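**Q** Going by the working numbering, the sequence shown opens with residue 21, and the numbers climb by one from there.
Backbone N, C-alpha and C fix where the C-beta goes; we use that ideal spot for every residue, glycine too.
Keep in mind it's a predicted model, so treat the numbers as computed, not measured.
Before we start, here is the structure in question, set down as structure tokens.
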Amino acid sequence: MSEQYDLIGIGDIVTDAFIRLKEASVHCDINRENCEICMKFADKIPYEDAVVVPAVGNSANASVAASRLGLSSALIANLGDDFFGKECLDTLEAENVDTEFVKVNAGMKTNYHYVLWYEDERTILIKHQPYVYELPEIGSPRWIYFSSLGEDSAEFYKRFGEYLVAHPEVKLAFQPGTYQIKVGQGLQFFYGRSEVVIANKEEFQKILGTGEENPRTLLEGMRSWGAKIVILTDGPRGAYLMTDSGQWFMPIYPDPKPPYERTGAGDAFSSTFISALALGIPPEEAIRWAPINSMSVVQYVGAREGLLTREKLEEFLRNAPPDYHLTPLP
21 MSEQYDLIGI GDIVTDAFIR LKEASVHCDI NRENCEICMK FADKIPYEDA
71 VVVPAVGNSA NASVAASRLG LSSALIANLG DDFFGKECLD TLEAENVDTE
121 FVKVNAGMKT NYHYVLWYED ERTILIKHQP YVYELPEIGS PRWIYFSSLG
171 EDSAEFYKRF GEYLVAHPEV KLAFQPGTYQ IKVGQGLQFF YGRSEVVIAN
221 KEEFQKILGT GEENPRTLLE GMRSWGAKIV ILTDGPRGAY LMTDSGQWFM
271 PIYPDPKPPY ERTGAGDAFS STFISALALG IPPEEAIRWA PINSMSVVQY
321 VGAREGLLTR EKLEEFLRNA PPDYHLTPLP
């Protein structure tokens with residue numbers, strides 16, 4: 021290990037292949053979260069465009085966001101020894117994300133996901149390769165950003181938990197991924213050990229095993245597990261923050277034009293908030309940074325291109341409308 025990093029991401033890295041659909045339809049019931057995208061069965065479906073975006077994934081996106089905001093960052097992840105793995109490594113290095121902890125697995129493929137993109141939303145077809153997850157010697161980074169791992173990672177959690185117990189000085193940010201959300205209370209140690217837990221409303225409900233709709237109740241439920249700072253995001257409806265000092269609502273930053281493609285908006289929010297904390301910004305101000313990167317990311321294809329530098333983000337902050345501020349929850 022060559023240095024102490026400001027932030028190390030832990031989580032799967034993937035290549036996303038975006039397929040922009042031309043002929044499809046969306047069907048919804050009263051609960052918009054249950055919308056379905058539909059195409060003709062057993063037909064040839066024309067598509068409008070295809071865009072391949074390497075080196076993404078929750079933690080990879082966080083490492084890039086941190087680097088662009090001026091922090092030293094690295095990533096713990098697995099790749100295959102194929103073309104896409106080499107492309108991911110080259111991309112991370114171009115973003116000044118250190119790859120010393122990225123393991124290239126001989127004879128294996130790199131994670132490759134297909135993103136069905138229709139209008140401004142997407143449905144992702146995912147497949148996690150059966151990597152053996154290992155925890156390298158990382159010393160004591162200031163922050164660890166922990167997120168999505170595949171289902172073959174059970175043994176890793178034991179080793180990572182032991183590391184966290186042995187290194188109480190390391191701050192943990194937990195943005196649970198698909199498999200981690202399914203495990204729910206089985207990962208309660210990591211939620212309780214976290215400085216920050218960030219998830220969206222539906223994810224909070226699944227983790228806590230509840231149909232509760234009230235953001236305050238969901239925040240309190242997660243914080244009762246021990247997390248110091250809890251953030252619940254609710255898409256275009258804004259986000260909620262809970263700390264020792266209270267609970268607040270934060271609106272979105274106004275979009276300069278309609279969103280182009282929404283992949284990575286949540287990652288941008290989460291990683292920007294954590295990066296701001298690592299830069300010494302208090303939570304009540306850091307959450308004003310987060311929606312700005314989300315706003316920027318949805319103007320581009322994929323989770324990485326729209327991530328901002330600190331200079332550009334602070335320019336948006338200076339030009340924010342008067343109502344862009346925290347509001348205490350009653």
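Between the C-alpha atoms of MET128 and THR283, what's the straight-line distance to the nearest angstrom?
**A** For MET128 and THR283, the distance between alpha carbons rounds to 26 Å.
**Q** Is it the case that the Cβ atoms of GLU327 and ASN81 are separated by a distance below 9 Å?
**A** Position check: residue 327 holds Leu in this sequence, whereas Glu was assumed. Yes, these two residues count as a Cβ contact at 9 Å.
**Q** Whether or not the stretch 109-123 and the stretch 84-93 are in contact is what I'm after, with contact meaning three or more pairs of Cβ atoms, one per stretch, closer than 8 Å; do they touch?
**A** The stretch 84-93 is in contact with the stretch 109-123.
**Q** Three-state secondary structure (DSSP) at SER160?
**A** Looking at SER160 - three-state DSSP - the assignment turns out to be coil, as it is neither helix nor strand.
**Q** May I have the straight-line CA-CA distance separating VAL152 from PRO66, to the nearest angstrom?
**A** Near 38 Å, if we compare the C-alpha coordinates of PRO66 and VAL152.
**Q** So, under 8 Å CB-CB, SER290 and GLN195 are touching, yes? Tell me the CB distance rounded to an integer number of Å.
**A** Right, their Cβ atoms sit about 5 Å apart.
**Q** Ignore the nearest five residues each way along the sequence and tell me which others in GLU304's own chain have a CB closer than 8 Å to its CB.
**A** Around GLU304: LEU261, THR263, SER265, TRP268, LEU346.
**Q** By how many angstroms is the C-alpha of ASP36 removed from the C-alpha of TYR134?
**A** About 6 Å.
**Q** Is the stretch 210-224 close to the stretch 243-251, with three or more CB pairs under 8 Å?
**A** Yes, the stretch 210-224 touches the stretch 243-251.
**Q** Using the Cα positions of TYR273 and GLU334, report the straight-line distance between them to the nearest angstrom.
**A** Distance between the alpha carbons of TYR273 and GLU334 is about 13 Å.
**Q** So which of VAL190, ARG236, LYS106, CYS48 has the shortest CA-CA distance to ALA75?
**A** Ranking VAL190, ARG236, LYS106, CYS48 by Cα distance to ALA75 puts LYS106 first.
**Q** Curious, which full-length alpha helix (DSSP H) runs of at least 4 residues does the stretch 61-123 contain?
**A** Entirely contained in the stretch 61-123, the alpha helix (DSSP H) runs reaching 4 residues are, in chain order, 78-88, 103-114.
**Q** According to DSSP, what are the bridge partners of ASP36?
**A** DSSP output for ASP36 lists VAL73, HIS133 as bridge partner(s).
**Q** From the DSSP output, read off the bridge partner residues of GLU56.
**A** In DSSP, GLU56 forms a bridge with HIS47.
**Q** Output the distance between the C-alpha atoms of GLU233 and ALA126, rounded to the nearest integer angstrom.
**A** So the alpha carbons of these two residues sit roughly 46 Å apart.
**Q** By the DSSP assignment, the alpha helix (DSSP H) with TRP309 in it spans what residues?
**A** Taken as a continuous stretch (DSSP letters only), the alpha helix (DSSP H) holding TRP309 covers 303-317.
**Q** Any contact between the stretch 41-48 and the stretch 144-162? By contact I mean 3 or more CB pairs, one from each, below 8 Å.
**A** As far as the Cβ criterion goes, the stretch 41-48 does not touch the stretch 144-162, which means the pair count is below three.
**Q** If I'm right that VAL190 touches SER160 with Cβ under 8 Å, what's the distance once you round it to whole angstroms?
**A** The Cβ separation is near 6 Å, so the contact holds.
**Q** May I ask you to report which of helix, strand or coil DSSP gives LYS191?
**A** Reduced to three states, the DSSP call for LYS191 is strand.
**Q** I need the straight-line Cα distance from GLY258 to ASP102, nearest angstrom please.
**A** Roughly 40 Å separates the two Cα atoms.
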